[in-house]
Amino acid sequence: MMRRLLLLIGSAAILVLSGCASTSPEWSSSSADTRRDPRAAKAPRVDLSKQSVSNLMAPSNDLWVQIRQGFQLPELDSPLVDKQTQWLVNRPDYVNRSMARSSR
34 MMRRLLLLIG SAAILVLSGC ASTSPEWSSS SADTRRDPRA AKAPRVDLSK
84 QSVSNLMAPS NDLWVQIRQG FQLPELDSPL VDKQTQWLVN RPDYVNRSMA
134 RSSR
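Under the numbering used here, the residues of the sequence shown are numbered 34 to 137, in order.
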């Protein structure tokens, strides 16, 4: 009886594990997804030999480098910004608690 139970458990474990092992699909280079987008024909051609590459640099992770390169925030003149600013102005205790928590 015990041997039969162990055999049953072992068989079930093998079935479960073999079901989890899947093979990766074969990918071919002639996939149907490689068709050209018809919108690409309408896009203007860019001649990189005539373009400036100075704007193609990746943004730096260093804040000071970004500042030196003229990094600036956009103007934030909107009713939502004014509303949030006024909310913070009316709650200096909230701002003080937040600043105290950030220094821990």
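Beta carbons are placed, not taken as given, at the ideal position from N, Cα and C, and that holds for glycine.
None of these values were measured; they are calculated from a predicted model.
**OP:** With DSSP collapsed to three states, give me the class of V79.
**Re:** In the structure shown, V79 sits in coil (DSSP, three-state: anything other than H, G, I, E or B).
Original post:
Is M132 helix, strand or coil by DSSP?
Top reply: Of the three classes helix, strand and coil, the one that applies to M132 here is helix, per DSSP.
**OP:** Report yes if the CB atom of L121 is closer than 7 Å to the CB atom of V128, and no otherwise.
**Re:** In this structure, V128 lies closer than 7 Å to L121 by Cβ.
Original post:
Taking just the CA atoms, how far does S93 sit from P77?
Top reply: C-alpha separation (whole angstroms): 29 Å.
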